[in-house]
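Here the structure comes first, spelled out in structure tokens, and everything after it is commentary.
There are 2 protein chains.
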Amino acid sequence: MDKFKQFLKNISPITDTEYADTISYFTEQNLNKGDFFVKQGRVCKHIGFIISGTIRIYYTNQKDEETTYGFCQENCLTTSFKSFVSQMPSHLVLQALEDTKLLTIDYEHLNLLYKNYPAWQNIGRVITQNEFLIMEQYASVLNNESAKEKYLRLLKEQPNVLQKANIEDIASYLGVTRRTLSRIRQEISK
Amino acid sequence: MDKFKQFLKNISPITDTEYADTISYFTEQNLNKGDFFVKQGRVCKHIGFIISGTIRIYYTNQKDEETTYGFCQENCLTTSFKSFVSQMPSHLVLQALEDTKLLTIDYEHLNLLYKNYPAWQNIGRVITQNEFLIMEQYASVLNNESAKEKYLRLLKEQPNVLQKANIEDIASYLGVTRRTLSRIRQEISK
DNA sequence: GGTATGAAAGGACAAATGTCCTCAAATAAT
DNA sequence: ATTATTTGAGGACATTTGTCCTTTCATACC
């Protein structure tokens, strides 16, 4: 689980002993393709660190249409943050697009870390700040980039997602219909 | 400055003495209509709590077109969060739409609060969480609501902004052109 | 008062996107 | 192997939105 140690070190210095303590609060979890990390309307009890695999985050509106927020892959934290911090039912769904391995911690254990390890107060705030920055980036992309630009960005940053997700998911991620995505792909292939 | 005390109490219990200490770290600042709280490309050095007035948050793209992120009004925190936490130049601009009174704290003083008052470690994390939730809400609106729905929401939640901002600002806030906003208003007036 | 100036509304047409549909290829089921 | 089923591509047309422009109204200025 060296990936996770590296992830934490990038946030805040942590000694080997502190890391060993920390890791004992976490649990390893394996999801099969199609399994849910967070189900519709359930309280999100865990934050997960993705060791391998892909999680699609989406929600469904009143008309049962799915909108894809994004795709989380290895070395990223994944959670329904709002539900997690408020411990209220989640409007987001987190589902494995392929077999996925995670390190997870639940709400109570995370609060124990905050209480018992001063370093974690700091890590907690920085993680929250990072989640903010990711969300701000997401909003900025929504605001500034055309569907075509978003597609090109996805192609560049997470090219394997294009194999793992279907056209419907990708179109909803771009905020357009399948038909428009088809036109975008046509245009790109010149 | 009772508004601010109430604001903090809603986040985390705070005694009168703690509040008196806290407030000594803050400064009162007055902006005239058109003044900038954060200028283009400058590092955002402060977080502000709005006592009265309206701040428009926007950025300009490569083509010098302004996009309005939102409008902050009384009892809200306002800052270019990303720039503030990273102390790097801001891509957002914060400008007073009318005369505005704020309580501000700079980066160094806030970090002193974090260091000297354990309660503030907690407040800091919760404020950051709230900023996240606001941004998530913003992204959710971008994703789910049509320009017309956004207009109706603005009409409901911040009706006075419609008087204070011009058509251009509101259209950019809705993510459409003036022409489309004109059509929306026509439609609403039946 | 009369003339500039600027902001908002709306007409005309073009471009982009959505809806509904068919077709072809790939995959799954028997 | 043959037949269903699913998935992605793309045609035809309608709707929405943008671009460019003119008109109207209000305000400022001489």
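Just so you know, the protein sequences line up as chains G and D, in that order. The numbering used here runs 341 ahead of the 1-based position in the first sequence. The numbering used here runs 341 ahead of the 1-based position in the second sequence. Glycine included, C-beta positions come from ideal geometry on N, C-alpha and C. Only a predicted model underlies this, so the values are computations on that prediction, with no experimental measurement involved.
For the stretch 466-492 of chain G, enumerate the residues whose C-beta is nearer than 8 Å to any C-beta of chain D, in chain order. If the cut-off is 8 Å between Cβ atoms, the stretch 466-492 of chain G has Arg466, Thr469, Gln470, Glu472, Phe473, Leu474, Met476, Glu477, Tyr479, Ala480, Leu483, Asn484, Asn485 near chain D.
Just to check my reading of the structure: G:Ala506 and G:Leu438 have Cβ atoms closer than 8 Å, yes? What is that Cβ distance to the nearest angstrom? Their Cβ separation, rounded to whole angstroms, is 6 Å, which keeps G:Ala506 and G:Leu438 in contact under 8 Å.
For the alpha helix (DSSP H) that G:Thr401 lies in, which residues bound it at each end? Counting along the chain, G:Thr401 falls outside any alpha helix (DSSP H), though it belongs to the beta strand (DSSP E) covering 396-401.
Identify whether G:Thr518 lies in helix, strand or coil by the three-state DSSP scheme. Correct three-state label for G:Thr518: coil.
Would you mind working out which of G:Glu509, G:Ile396, G:Asp343 sits nearest G:Phe377, comparing C-alpha positions? Minimum Cα-Cα distance from G:Phe377 among the listed residues G:Glu509, G:Ile396, G:Asp343 corresponds to G:Ile396.
Since D:Met429 contacts G:Met476 with CB under 8 Å, what's their CB separation in whole angstroms? That pair is no contact at about 18 Å.
Identify the contact partners of G:Thr441 in chain D, using a Cβ-Cβ distance below 7 Å as the criterion. Chain D residues near G:Thr441: none, gap ~23 Å exceeds 7 Å.
I'd like to check one pair, G:Leu483 with D:Leu483: are the Cβ atoms closer than 8 Å? Cβ atoms of D:Leu483 and G:Leu483: closer than 8 Å.
According to DSSP, residues forming a beta bridge with G:Ile388: Partner(s): G:Ile446.
Alpha carbon of G:Leu515 to alpha carbon of G:Thr408, nearest angstrom: Straight through space, the alpha carbons of G:Thr408 and G:Leu515 are spaced by roughly 9 Å.
Is the distance from the Cβ of D:Phe348 to the Cβ of D:Phe390 below 8 Å? Yes, the Cβ-Cβ distance between D:Phe348 and D:Phe390 is below 8 Å.
Residue environment, D:Ile446, which counts as buried when at least 16 other CB atoms sit within 10 Å: With 16 or more other Cβ atoms within 10 Å, it is buried.
Using beta carbons (cut-off 8 Å, strictly below), is D:Gly516 in contact with chain G? Chain G, which has a Cβ nearer than 8 Å to the Cβ of D:Gly516, makes this yes.
Chain-ordered chain G contacts of D:Lys423 [CB-CB under 7 Å]: Leu474, Glu477, listed in chain order.
Does the Cβ-Cβ distance between G:Ala480 and D:Tyr479 come in under 8 Å? Yes. Within cutoff.
Spell out the partners DSSP gives D:Gln307 in its beta bridges. For residue 307 of chain D there is no data in the structure shown, the boundaries of chain D being 342 and 531.
Have a look at G:Asn402 and D:Val467 and give me their C-alpha separation to the nearest angstrom. Rounded to the nearest angstrom, the two C-alpha atoms are 28 Å apart.
Under the DSSP definition of a beta bridge, which residues are partnered with G:Leu372? Answer by DSSP bridge pairing, in chain order: G:Thr441.
What residue does the alpha helix (DSSP H) around D:Tyr479 start on, and which one ends it? Residues 459-485.
Return the CA-CA distance between D:Thr356 and D:Glu369, expressed in angstroms with no decimal places. Cα to Cα, the separation comes out at about 21 Å.
Exposed or buried, D:Thr420, counting other C-beta atoms within 10 Å across all chains shown (16 or more means buried)? Using a 10 angstroms sphere on the CB of D:Thr420, the tally of other CB atoms reaches 16 or more, which defines it as buried.
Please list, in chain order, all residues of the same chain as D:Asn371 whose beta carbon is under 6 Å from its beta carbon, the five residues on each side excluded. If we look at D:Asn371 and ignore the five residues flanking it on each side, its Cβ neighbours are Lys442.
Who pairs with D:Gly411 in a beta bridge, going by DSSP? BP columns for D:Gly411 point to D:Ile398.
G:Asp440 beta carbon less than 8 Å from that of G:Lys344: For the pair G:Lys344 and G:Asp440, the CB atoms are not nearer than the 8 Å cut-off.
Alpha-carbon spacing of G:Asn351 relative to G:Phe422, whole angstroms: About 21 Å.
Just checking my contact of D:Gly504 with D:Gln414 at CB under 8 Å: how many whole Å lie between their CB atoms? Contrary to the premise, residue 504 of chain D reads as Gln rather than Gly in this sequence. So it is not a contact: roughly 13 Å between Cβ atoms.
Inter-residue CB distance, G:Ile398 and G:Leu433 (contact presumed, cutoff 8 Å): A Cβ-Cβ distance of about 6 Å is found for the pair G:Ile398 and G:Leu433, placing them in contact under the 8 Å criterion.
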